[in-house]
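Visitor:
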Amino acid sequence: IRGSDPRAADTDAASKTSTGEIVPQPGASDPLCACAVDADSPPRLPCCDAWPNTRNTISAADATNAMKFHSGWIYTNSYGAVPRVDFAVTPLLMLPKTVAAYDAFGMTRDDVLQDDAEALLPGAGFTLSDYDHVLYRFDGLNVPYGGIAVRPGKWLRLRYNGQYLIDHEAGHNYGLPHANLWLADNASVYGTGDNREYGNPFDVMGGGDSERNAFYCLYNKAMLGWMPPEKLLKVTTNGTYRLHAHDARTN
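Residue numbers (the working numbering): 3 to 253.
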(Lines of atoms letter the chains of each structure in order from A and count residues from 1; the text may use other names and numbers.)
(Lines give C-alpha, C1' and ligand atoms only; values in the text may rest on other atoms or scores of the structure.)
Protein backbone atom coordinates (compact mmCIF):
# COMPACT_ATOMS: atom_id res chain seq x y z
CA ILE A 1 0.00 0.00 0.00
CA ARG A 2 1.40 3.35 -0.84
CA GLY A 3 0.42 6.81 0.35
CA SER A 4 -1.10 8.94 -2.39
CA ASP A 5 0.31 12.17 -3.79
CA PRO A 6 -0.31 14.89 -1.17
CA ARG A 7 -1.17 17.33 -3.95
CA ALA A 8 -4.07 15.15 -5.09
CA ALA A 9 -5.48 13.91 -1.80
CA ASP A 10 -7.72 15.23 0.89
CA THR A 11 -6.32 14.71 4.34
CA ASP A 12 -9.59 14.20 6.16
CA ALA A 13 -10.75 10.60 5.62
CA ALA A 14 -11.25 7.74 8.09
CA SER A 15 -9.83 4.20 8.64
CA LYS A 16 -8.14 1.94 11.35
CA THR A 17 -4.78 0.36 12.89
CA SER A 18 -2.69 -1.31 15.85
CA THR A 19 0.95 -1.63 17.65
CA GLY A 20 5.02 -2.17 17.23
CA GLU A 21 8.15 0.06 16.68
CA ILE A 22 8.77 2.32 13.68
CA VAL A 23 10.00 5.67 12.44
CA PRO A 24 7.67 8.14 10.72
CA GLN A 25 8.48 8.67 7.04
CA PRO A 26 6.31 11.49 5.73
CA GLY A 27 5.77 12.11 2.05
CA ALA A 28 3.96 10.61 -0.91
CA SER A 29 6.97 8.57 -1.99
CA ASP A 30 6.87 6.49 1.18
CA PRO A 31 5.01 3.26 0.45
CA LEU A 32 2.44 1.58 2.59
CA CYS A 33 1.84 -2.01 1.63
CA ALA A 34 -0.87 -4.57 2.29
CA CYS A 35 -1.52 -8.11 1.17
CA ALA A 36 -4.02 -10.93 1.30
CA VAL A 37 -3.60 -14.72 1.36
CA ASP A 38 -5.52 -17.69 -0.02
CA ALA A 39 -7.51 -19.67 2.52
CA ASP A 40 -9.25 -22.82 1.42
CA SER A 41 -7.30 -25.02 3.79
CA PRO A 42 -6.41 -24.12 7.35
CA PRO A 43 -4.75 -21.88 8.17
CA ARG A 44 -4.70 -19.40 5.30
CA LEU A 45 -2.22 -16.58 5.62
CA PRO A 46 -1.99 -13.61 3.27
CA CYS A 47 1.14 -11.83 2.25
CA CYS A 48 1.57 -8.39 0.80
CA ASP A 49 3.44 -6.89 -2.09
CA ALA A 50 5.18 -3.58 -1.56
CA TRP A 51 6.74 -0.82 -3.58
CA PRO A 52 10.11 -2.25 -4.68
CA ASN A 53 12.21 0.91 -4.91
CA THR A 54 11.80 2.48 -1.50
CA ARG A 55 13.26 1.64 1.87
CA ASN A 56 11.76 -0.88 4.27
CA THR A 57 9.43 -2.42 1.70
CA ILE A 58 9.19 -5.91 0.23
CA SER A 59 9.10 -7.17 -3.33
CA ALA A 60 6.51 -9.63 -4.60
CA ALA A 61 9.23 -12.26 -4.94
CA ASP A 62 10.50 -11.76 -1.39
CA ALA A 63 6.94 -11.78 -0.02
CA THR A 64 6.27 -15.05 -1.84
CA ASN A 65 9.49 -16.61 -0.52
CA ALA A 66 8.67 -15.51 3.02
CA MET A 67 5.24 -17.12 2.82
CA LYS A 68 6.68 -20.31 1.35
CA PHE A 69 9.07 -20.50 4.29
CA HIS A 70 6.23 -19.94 6.77
CA SER A 71 4.14 -22.63 5.09
CA GLY A 72 6.88 -25.25 5.37
CA TRP A 73 7.86 -24.10 8.84
CA ILE A 74 4.31 -24.46 10.18
CA TYR A 75 3.90 -27.83 8.50
CA THR A 76 7.08 -29.08 10.18
CA ASN A 77 6.25 -27.40 13.49
CA SER A 78 2.88 -29.15 13.64
CA TYR A 79 4.23 -32.55 12.53
CA GLY A 80 1.97 -32.32 9.49
CA ALA A 81 -1.18 -31.52 11.50
CA VAL A 82 -1.46 -28.19 9.67
CA PRO A 83 -1.48 -28.49 5.87
CA ARG A 84 0.93 -26.36 3.93
CA VAL A 85 -0.47 -22.84 3.83
CA ASP A 86 -2.07 -21.66 0.61
CA PHE A 87 -1.38 -17.98 0.09
CA ALA A 88 -1.70 -15.17 -2.42
CA VAL A 89 0.24 -11.91 -2.76
CA THR A 90 -1.70 -8.82 -3.76
CA PRO A 91 -0.42 -6.18 -6.14
CA LEU A 92 0.73 -2.90 -4.61
CA LEU A 93 -2.29 -0.98 -3.33
CA MET A 94 -2.34 2.82 -3.55
CA LEU A 95 -4.01 4.26 -0.47
CA PRO A 96 -6.24 7.35 -0.67
CA LYS A 97 -4.42 9.32 2.06
CA THR A 98 -0.94 10.62 2.68
CA VAL A 99 1.26 9.34 5.50
CA ALA A 100 0.72 12.64 7.32
CA ALA A 101 -3.06 12.23 7.01
CA TYR A 102 -2.94 8.74 8.54
CA ASP A 103 -0.64 9.87 11.35
CA ALA A 104 -3.17 12.61 12.16
CA PHE A 105 -5.54 9.86 13.37
CA GLY A 106 -3.20 9.22 16.27
CA MET A 107 -3.72 5.91 18.08
CA THR A 108 -6.10 4.64 15.37
CA ARG A 109 -3.85 5.51 12.42
CA ASP A 110 -3.13 1.90 11.50
CA ASP A 111 -6.79 0.90 11.94
CA VAL A 112 -7.72 3.58 9.43
CA LEU A 113 -4.98 2.36 7.09
CA GLN A 114 -6.21 -1.23 7.31
CA ASP A 115 -9.80 -0.16 6.61
CA ASP A 116 -8.64 1.71 3.51
CA ALA A 117 -6.57 -1.27 2.37
CA GLU A 118 -9.48 -3.66 2.82
CA ALA A 119 -11.69 -1.37 0.75
CA LEU A 120 -9.20 -1.68 -2.13
CA LEU A 121 -8.98 -5.49 -2.09
CA PRO A 122 -12.11 -6.19 -4.20
CA GLY A 123 -10.80 -3.96 -6.97
CA ALA A 124 -7.56 -5.97 -6.92
CA GLY A 125 -9.52 -9.21 -7.29
CA PHE A 126 -9.48 -10.33 -3.64
CA THR A 127 -12.40 -11.12 -1.33
CA LEU A 128 -11.44 -10.70 2.33
CA SER A 129 -13.83 -13.41 3.54
CA ASP A 130 -12.00 -15.99 1.38
CA TYR A 131 -8.99 -15.88 3.71
CA ASP A 132 -8.42 -17.18 7.22
CA HIS A 133 -5.56 -14.73 7.88
CA VAL A 134 -4.47 -11.50 6.23
CA LEU A 135 -1.05 -9.92 6.57
CA TYR A 136 -0.67 -6.18 5.94
CA ARG A 137 2.82 -4.89 5.21
CA PHE A 138 3.01 -1.09 5.35
CA ASP A 139 5.63 1.58 5.77
CA GLY A 140 5.87 5.12 7.01
CA LEU A 141 3.40 5.40 9.90
CA ASN A 142 4.52 6.61 13.30
CA VAL A 143 3.44 3.49 15.20
CA PRO A 144 5.31 2.02 18.20
CA TYR A 145 5.87 -1.50 16.82
CA GLY A 146 7.57 -3.60 14.19
CA GLY A 147 4.70 -6.07 14.04
CA ILE A 148 1.34 -6.54 15.73
CA ALA A 149 -1.45 -9.11 15.57
CA VAL A 150 -4.80 -9.88 17.14
CA ARG A 151 -4.68 -12.96 19.41
CA PRO A 152 -6.34 -15.12 18.30
CA GLY A 153 -7.66 -13.64 15.11
CA LYS A 154 -7.43 -12.89 11.43
CA TRP A 155 -5.12 -9.94 10.79
CA LEU A 156 -1.51 -9.10 11.46
CA ARG A 157 0.40 -5.96 10.52
CA LEU A 158 4.08 -5.56 9.78
CA ARG A 159 6.03 -2.32 9.69
CA TYR A 160 9.31 -4.09 8.88
CA ASN A 161 10.43 -7.06 6.84
CA GLY A 162 11.67 -10.21 8.54
CA GLN A 163 10.83 -13.89 8.67
CA TYR A 164 10.82 -13.79 12.47
CA LEU A 165 8.13 -11.09 12.46
CA ILE A 166 5.86 -13.10 10.16
CA ASP A 167 6.23 -16.34 12.15
CA HIS A 168 5.95 -14.55 15.50
CA GLU A 169 2.87 -12.48 14.67
CA ALA A 170 1.22 -15.45 12.95
CA GLY A 171 1.70 -17.30 16.25
CA HIS A 172 -0.44 -14.64 17.93
CA ASN A 173 -3.09 -15.16 15.24
CA TYR A 174 -3.07 -18.86 16.12
CA GLY A 175 -3.62 -17.89 19.78
CA LEU A 176 -0.11 -18.08 21.24
CA PRO A 177 1.24 -15.72 23.91
CA HIS A 178 4.87 -14.65 24.17
CA ALA A 179 7.40 -17.28 25.23
CA ASN A 180 9.00 -15.96 28.39
CA LEU A 181 11.77 -16.96 30.77
CA TRP A 182 11.39 -17.53 34.49
CA LEU A 183 14.71 -16.38 35.90
CA ALA A 184 14.76 -18.03 39.32
CA ASP A 185 16.88 -16.86 42.23
CA ASN A 186 19.91 -18.72 43.55
CA ALA A 187 20.66 -20.63 40.33
CA SER A 188 17.49 -22.68 40.77
CA VAL A 189 15.17 -23.78 37.96
CA TYR A 190 12.08 -22.91 39.99
CA GLY A 191 11.02 -20.91 43.03
CA THR A 192 11.10 -17.16 43.48
CA GLY A 193 12.46 -15.05 40.65
CA ASP A 194 11.54 -12.77 37.78
CA ASN A 195 9.51 -13.21 34.60
CA ARG A 196 11.42 -12.06 31.49
CA GLU A 197 9.14 -11.41 28.53
CA TYR A 198 10.46 -12.84 25.24
CA GLY A 199 13.10 -14.61 27.33
CA ASN A 200 12.80 -18.09 25.80
CA PRO A 201 15.62 -18.18 23.20
CA PHE A 202 14.35 -21.44 21.65
CA ASP A 203 10.84 -20.24 20.75
CA VAL A 204 9.86 -17.81 17.98
CA MET A 205 7.28 -16.37 20.39
CA GLY A 206 10.28 -15.41 22.52
CA GLY A 207 13.78 -14.64 21.34
CA GLY A 208 14.17 -17.56 18.92
CA ASP A 209 14.82 -17.16 15.19
CA SER A 210 12.72 -19.36 12.89
CA GLU A 211 15.43 -19.21 10.23
CA ARG A 212 17.85 -20.76 12.74
CA ASN A 213 15.66 -23.72 13.67
CA ALA A 214 13.65 -22.13 16.49
CA PHE A 215 10.10 -23.51 16.64
CA TYR A 216 7.13 -22.96 18.93
CA CYS A 217 7.92 -24.53 22.29
CA LEU A 218 6.38 -27.80 23.44
CA TYR A 219 3.90 -26.04 25.72
CA ASN A 220 2.64 -23.95 22.79
CA LYS A 221 2.46 -26.96 20.49
CA ALA A 222 0.37 -28.81 23.07
CA MET A 223 -1.89 -25.78 23.47
CA LEU A 224 -2.48 -25.73 19.70
CA GLY A 225 -3.24 -29.45 19.65
CA TRP A 226 -0.17 -30.24 17.57
CA MET A 227 1.29 -32.60 20.16
CA PRO A 228 -0.78 -35.80 20.62
CA PRO A 229 -1.75 -36.43 24.26
CA GLU A 230 -0.04 -39.84 24.18
CA LYS A 231 3.26 -38.06 23.53
CA LEU A 232 2.96 -36.07 26.75
CA LEU A 233 3.58 -37.40 30.24
CA LYS A 234 2.81 -35.64 33.48
CA VAL A 235 5.42 -36.81 35.96
CA THR A 236 3.96 -37.33 39.44
CA THR A 237 6.42 -39.82 40.96
CA ASN A 238 10.17 -40.22 41.14
CA GLY A 239 11.65 -42.35 38.38
CA THR A 240 13.71 -42.50 35.22
CA TYR A 241 12.10 -40.94 32.17
CA ARG A 242 13.30 -40.61 28.59
CA LEU A 243 13.09 -37.18 26.98
CA HIS A 244 12.72 -36.71 23.23
CA ALA A 245 13.54 -33.60 21.22
CA HIS A 246 10.30 -32.05 19.97
CA ASP A 247 12.04 -29.64 17.59
CA ALA A 248 14.25 -32.03 15.59
CA ARG A 249 13.54 -31.99 11.85
CA THR A 250 13.06 -35.75 11.70
CA ASN A 251 10.19 -38.20 12.04
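Ideal placement from N, C-alpha and C gives every residue a C-beta, glycine not left out.
Contact between the region 77-92 and the region 222-231: three or more CB pairs below 8 angstroms?
Guide: Short answer: they touch.
Visitor: Using a threshold of 7 angstroms, state whether the C-beta atoms of L160 and G142 are closer than that.
Guide: No, Cβ-Cβ distance for L160 and G142 is not below 7 angstroms.
Visitor: DSSP three-state label for P146, please.
Guide: Here P146 sits in strand by DSSP.
Visitor: Within this structure, are the beta carbons of A178 and N222 separated by less than 7 angstroms?
Guide: In the sequence as displayed, the identity of residue 178 is Leu instead of Ala. Contact flag set, yes.
Visitor: Can you confirm whether the region 206-213 touches the region 101-121 when touching is taken to mean that 3 or more C-beta pairs between the two stretches lie within less than 8 angstroms?
Guide: Touching, no, given that fewer than three Cβ pairs across the two stretches are closer than 8 angstroms.
Visitor: Can you find the residues in the same chain that come closer than 7 angstroms, C-beta to C-beta, to N72, ignoring five residues on each side of it along the sequence?
Guide: According to the sequence provided, residue 72 is His. The question's Asn does not apply to it. Answer for H72: L47, V87, I168, D169 and A172, listed in chain order.
Visitor: For L158 and S212, I'd like the C-alpha separation in whole angstroms.
Guide: Approximately 18 angstroms between the Cα atoms of the pair.
Visitor: A102 to T129, Cα distance in whole Å?
Guide: The straight-line gap from Cα to Cα measures roughly 28 angstroms.
Visitor: Distance check for V237 and T66, CA to CA, integer angstroms please.
Guide: So the two alpha carbons sit approximately 44 angstroms from each other.
Visitor: By alpha-carbon positions, which one of M109, H135 and K99 ends up nearest to L122?
Guide: With distances taken between Cα atoms, L122 lies closest to K99.
Visitor: Is any heavy atom in the ligand ZN found nearer than 6 angstroms to the beta carbon of T129?
Guide: This structure lacks the ligand ZN; in fact it carries no ligand of any kind.
Visitor: Where does D196 land, buried or exposed, given buried means 16+ other C-beta within 10 angstroms?
Guide: The residue is exposed, with fewer than 16 neighbouring Cβ atoms inside 10 Å.
Visitor: What do you get for A106, buried or exposed, if any count of 16 or more other CB atoms within 10 angstroms of its CB means buried?
Guide: A106 is exposed by the Cβ-count criterion.
Visitor: Measure the C-alpha to C-alpha separation of H95 and F140 and round it to an integer number of angstroms.
Guide: Correcting the residue identity first, residue 95 is Leu in this sequence and not His. So the two alpha carbons sit approximately 10 angstroms from each other.
Visitor: Quick check on this structure: which residue in G74, Y104, Y77 and D64 has the alpha carbon closest to the alpha carbon of N144?
Guide: Answer by Cα proximity: Y104.
Visitor: Looking at the unbroken alpha helix (DSSP H) that takes in R198, where does it start and where does it end?
Guide: First-last for R198: G195 to R198, but that is the beta strand (DSSP E), not the alpha helix (DSSP H).
Visitor: What did DSSP end up calling L167 once you bin it into helix, strand or coil?
Guide: In the structure shown, L167 sits in a helix (DSSP, three-state: H, G or I).
Visitor: My output table needs one value for Y104: the three-state DSSP class, helix, strand or coil.
Guide: The answer is helix: DSSP assigns Y104 an H, G or I state.
Visitor: Between H248 and L220, how many whole angstroms is the CB-CB distance? I'm expecting something under 8 angstroms.
Guide: So it is a contact: roughly 5 angstroms between Cβ atoms.
Visitor: Considering only residues of the same chain and omitting the five flanking positions on each side of G193, which have a CB-CB separation below 6 angstroms?
Guide: Here the set comprises A186.
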